[in-house]
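Enquirer: Could you have a look at this structure, given as structure tokens, before my questions?
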Amino acid sequence: MLLLVAGGVATYYFGGEKTPFEQMLESSAAARFTTAALATVTAPLVEELVFRGVAYPALQRALARLISLLKVLTSPGGTRLVAETRGAFGRVAAPVTRLINRATLSALTFFGSLDARRGGMIWAVIIVSALFLSVHVPQYQNNLAVIAAVGMLSVALTTVRAVTGRVLPCFIIHLVFNGVQVAGLIYTYFYPDKPAADATHGLFALAHAAQRLLF
């Protein structure tokens, strides 16, 4: 509900021109109902499996291991190991290696603690959310409000995945989010004059704005 309200407010007050995707939806009833069917179940299922089901855990594990490795290499023992392994060259390279590793570690853990699991989780949320948003930007490139709303949805879904450790809640949230907007698509098809007549009236205006956020 909060996502729908936030998206509706952003689109209502800051929405730009109609996107090519919206123009395609309005081109025919077939396009509208086909898209509605795909958006209700297929899109949430596929996108959640790909982004939250596969990409998130893979990135989280990889980044956690990288942070753990960098912590070892930046420790006194890790620095000595580099020096002993590489001989004279290692003793010269160790300070440089330590500096590079510490800088990388600081960047990776900027939004979290030095705990590898937590750092990997936070950065995986950021990266997966950005990837999800980048896939949808071409659809809404001339409407920054819709892009912002999709960004909020992406962060919310990936955070739910990180906190719960499950994909099912993400799928349900995504399905409900899209389902509400599909209901708006169907409503405006059967009552095409209603949005135009009531577009300036309170909650209906926000609902109509939220309807524009298909994915």
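So for the sequence shown, the working numbering puts the first residue at 1171; every next one is plus one. In this text, a Cβ means the ideal position worked out from N, Cα and C, and glycines have one as well. These figures come from a predicted structure and were not determined experimentally.
#1: To the nearest angstrom, how far is the alpha carbon of Arg1272 from that of Ser1238?
#2: Identify whether Asn1313 lies in helix, strand or coil by the three-state DSSP scheme.
#3: Return the Cβ separation of Val1337 and Glu1218 in integer angstroms, given the expectation that the two are a contact with Cβ distance under 8 Å.
#4: Under 6 Å Cβ to Cβ from Ala1332, same chain only, skipping five residues before and after it: list those, please.
#5: Can you say whether Val1224 is buried or exposed, counting buried as having 16 or more other CB atoms within 10 angstroms of its CB?
#6: Check whether the Cβ atoms of Asn1348 and Ala1228 lie closer than 9 Å to each other.
#7: Three-state secondary structure (DSSP) at Arg1235?
#8: Does DSSP classify Val1211 as helix, strand or coil?
#9: Any idea if Thr1212 is buried or exposed, counting beta-carbon neighbours within 10 angstroms, 16 or more meaning buried?
#10: Just confirm the distance between the C-beta atoms of Val1352 and Ala1200, as a whole number of angstroms; I'd bet it's less than 8 Å.
#11: Helix, strand or coil: which one does DSSP assign to Gly1354?
#12: Following the continuous alpha helix (DSSP H) through Val1298, name the residue where it begins and the one where it ends.
#13: Tell me which residues share the same chain as Pro1339 and place their Cβ nearer than 6 Å to its Cβ, disregarding the 5 neighbours each side in the sequence.
#14: Cα separation between Leu1303 and Ile1317?
#15: Would you report the Cα separation of Gln1309 and Leu1236, rounded to the nearest angstrom?
#16: Out of Val1242, Met1322 and Trp1293, point me to the one whose CA is closest to Ala1232's CA.
Expert: Looking at the coordinates:
#1: 12 Å
#2: coil
#3: 6 Å
#4: Met1291 and Val1295
#5: exposed
#6: Asn1348 is not a Cβ neighbour of Ala1228, given a cutoff of 9 Å.
#7: helix
#8: helix
#9: exposed
#10: Going by Cβ atoms, the distance from Val1352 to Ala1200 rounds to 15 Å, so no, they are not a contact pair.
#11: Three-state result, Gly1354: helix.
#12: Ala1286 to His1306
#13: Val1330
#14: 7 Å
#15: Across the structure, Gln1309 and Leu1236 are spaced so that their CA atoms are roughly 34 Å apart.
#16: Trp1293
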